Amino acid sequence: MNPQTTPVTKPPVAASGASAGAAPSAVISRDPAVERRESGLTINRARKTFISAEGKQVKAIDDVSLAINSGEFFIMLGPSGCGKTTLLRSIGGMETLDAGEIYIGNQRIDQLPPYERPVNTVFQSYALFPHMSVADNVAFGLEMEKKPKSEIRSTVADMLDLVHLADMGARRPSQLSGGQQQRVALARALAKKPKVLLLDESLSALDFKLRRQMQTELKRIQRETGITFIFVTHDQEEALSMGDRIAVFHNGRPEQVGTPEEIYDKPVDRFVADFIGDINFLSATKTGPNEVSIAGQRFNADSSVLSHAVGEDLTAAIRPERIDVVPQGSPVAAGRPTLTGTVTDAMFMGFDTRVHITLEDGQTVMTRVAPPFDAELIKPASRVQLVIDGLVRVVE
Ligand SMILES: Nc1ncnc2c1ncn2[C@@H]1O[C@H](COP(=O)(O)OP(=O)(O)OP(=O)(O)O)[C@@H](O)[C@H]1O
Ligand SMILES: [Mg+2]
1 MNPQTTPVTK
11 PPVAASGASA
21 GAAPSAVISR
31 DPAVERRESG
41 LTINRARKTF
51 ISAEGKQVKA
61 IDDVSLAINS
71 GEFFIMLGPS
81 GCGKTTLLRS
91 IGGMETLDAG
101 EIYIGNQRID
111 QLPPYERPVN
121 TVFQSYALFP
131 HMSVADNVAF
141 GLEMEKKPKS
151 EIRSTVADML
161 DLVHLADMGA
171 RRPSQLSGGQ
181 QQRVALARAL
191 AKKPKVLLLD
201 ESLSALDFKL
211 RRQMQTELKR
221 IQRETGITFI
231 FVTHDQEEAL
241 SMGDRIAVFH
251 NGRPEQVGTP
261 EEIYDKPVDR
271 FVADFIGDIN
281 FLSATKTGPN
291 EVSIAGQRFN
301 ADSSVLSHAV
311 GEDLTAAIRP
321 ERIDVVPQGS
331 PVAAGRPTLT
341 GTVTDAMFMG
351 FDTRVHITLE
361 DGQTVMTRVA
371 PPFDAELIKP
381 ASRVQLVIDG
391 LVRVVE
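If you're matching positions, the sequence shown starts at 1 in full-length UniProt numbering and goes up one per residue.
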């Protein structure tokens, strides 16, 4: 392959794990069809305001309506303080809404005490009982409900099997690794067969590799049980790789709800575009019904320009991996508009190299090149040409 025309290698786009078609295990859902119909969660116009220590009103949940499907791996993603935990606690019953309703299936749950709600929570801190064995920890909720001994024994065995800890039931939590303790917490939460499982930053105490492993495990467990998972995180990579759908929260409300691909490729506004992944914001002007100009060059735009008038100044939002960079003077695809610029710096990131480029009009662009690439592309002061792959999206 001629390195002069080698396109920038694109990192794989996260797949939206499709839980819908997965076979639920008999362990949790004895009649999966019924379980699924009954376990969708609906939030209707929920509000919660706190008064801060300084006496200021904080709208932690600001008129939120959401419909989460049965058996869905649903992610609530957003920056610190955007209301994720407050909403999760309101579903679990640890927090009371000021207004609004929460339903699971047709059952209104927001006025029920926590223990009557068919939900359970996995906390970041695991909250295991240190003096009890793993098996007793998992059995705890069932013991409290005074379930028959034989049922408890078989559920505990099923749950430990599910989280791959079948041979560790006799250990104490202190004799387990962080990841194993997390699995016990999960087994304990699932033992009561909740319709909805709430997970608040549940993996954030784990180191990077273990976290990746547990993400895969959680997806498997969710698929096998068919239980609706609502998972809170502020890690966008975790959200993209795990969620069937993601709600991106900002200031107490979801700014966008969609599949990982929708959120990544079609962000509805600048906040979402900026929060998820790397992105370039470039000044653009609408020059035709489906066309924008950037630094004097015309590009085809996607449906996001339709609501704007010709002549309007806009912001184009372009992911680095959609920008192919080639040395100036290279043959590029015939008829494709190109931008020209100068490399200002390059940063080696392992898998690829981030290249910063200043365009003719002074705007800066970040793109990535992965080997094999022409050495010119990462040399400061090199003159380069940029080709935008696909349609240009604009944001407010
Ligand atoms: N008990 C409380 N009293 C007063 N303010 C609160 C209380 N709980 C939460 N808040 C405020 O409500 C807002 C939302 O908090 P919340 O804990 O839900 O955010 P979060 O999205 O979970 O953030 P993080 O990612 O940091 O966990 C924040 O401004 C927070 O300071
Ligand atoms: Mg929180």
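Glycine is no exception: its CB is placed at the ideal position from the N, C-alpha and C atoms. Just so it is clear, the structure is predicted and the values come from calculations on it, not from any experiment.
Where residue i sits in the DSSP three-state scheme
i, result
"V394", "strand"
"M159", "helix"
"A170", "coil"
"A295", "coil"
"R223", "helix"
"Q124", "coil"
"Q328", "coil"
"L165", "coil"
"V184", "helix"
"N69", "coil"
"K59", "strand"
"R383", "strand"
"D207", "coil"
"T85", "helix"
"S150", "helix"
"G362", "coil"
"S80", "coil"
"V272", "helix"
"F140", "helix"
"D389", "coil"
"G179", "helix"
"V310", "coil"
"D200", "strand"
"I51", "strand"
C-beta neighbour in chain B for residue i, strict 8 angstroms
i, result
"L97", "Structure shown: chain B not included; a single protein chain is present."
Cβ neighbours of residue i in the same chain (closer than 8 angstroms, five flanking residues each side left out)
i, result
"G179", "L206, L210, Q213, M214"
"A99", "R45, A46, R47"
"M349", "R368"
"I102", "L41, T42, I43, N44, A46, S90, I91, R108, I109, D110"
"N300", "N290, E291, L391, V392"
"L160", "V134, A135, V138, A166, M168, G169, A187"
"R171", "S133, V134"
Other residues of its chain near residue i: CB distance less than 7 angstroms, five sequence neighbours each side excluded
i, result
"S204", "Q124"
"V332", "V326, T338, Q385, V387"
"P254", "V64, L66, A247, V248"
"G83", "A60, I61, F249, G252"
"A381", "T342, V343"
In DSSP terms, what residue i is bridged to
i, result
"V355", "A346, T367"
"G288", "E291"
"Y103", "T42, R108"
"K192", "In DSSP, K192 forms no bridge with anything."
"H250", "R253"
"R245", "F74"
"S304", "Paired residue(s): none; S304 is not in a bridge."
"L339", "L386"
Contact test: residue i Cβ vs ligand 4 heavy atom, cutoff 7 angstroms
i, result
"G78", "The ligand content of the structure shown is limited to ligand 1 and ligand 2, which means ligand 4 is not among them."
Close-in-space but distant-in-sequence residues of the same chain around residue i (CB under 6 angstroms, 5 per side omitted)
i, result
"K59", "T49, G252"
"V163", "R183, L186, A187"
"T121", "G92, L198"
"I68", "L41, F74"
"P320", "D278, M366, T367, R368"
"A346", "T353, V355, I378"
Where residue i falls, given that 16 or more other Cβ within 10 Å makes a residue buried
i, result
"L377", "buried"
"P371", "exposed"
"F249", "buried"
"K149", "exposed"
"R336", "exposed"
"V305", "buried"
"G329", "exposed"
"G288", "exposed"
"Q236", "buried"
"A375", "exposed"
"R223", "buried"
"I230", "buried"
"T216", "exposed"
Whole-number beta carbon distance between residue j and residue i, since they are thought to touch under 8 angstroms
i, j, result
"A239", "L77", "4 angstroms"
"G243", "F74", "7 angstroms"
"K219", "P118", "Actually they do not touch by this definition, with Cβ atoms about 22 angstroms apart."
"A295", "D361", "4 angstroms"
"T315", "F281", "5 angstroms"
"Y126", "Q181", "5 angstroms"
"T342", "T358", "5 angstroms"
"V394", "P267", "Rounded, the Cβ-Cβ distance is 11 angstroms, inconsistent with contact."
"S39", "G105", "6 angstroms"
"T285", "D313", "6 angstroms"
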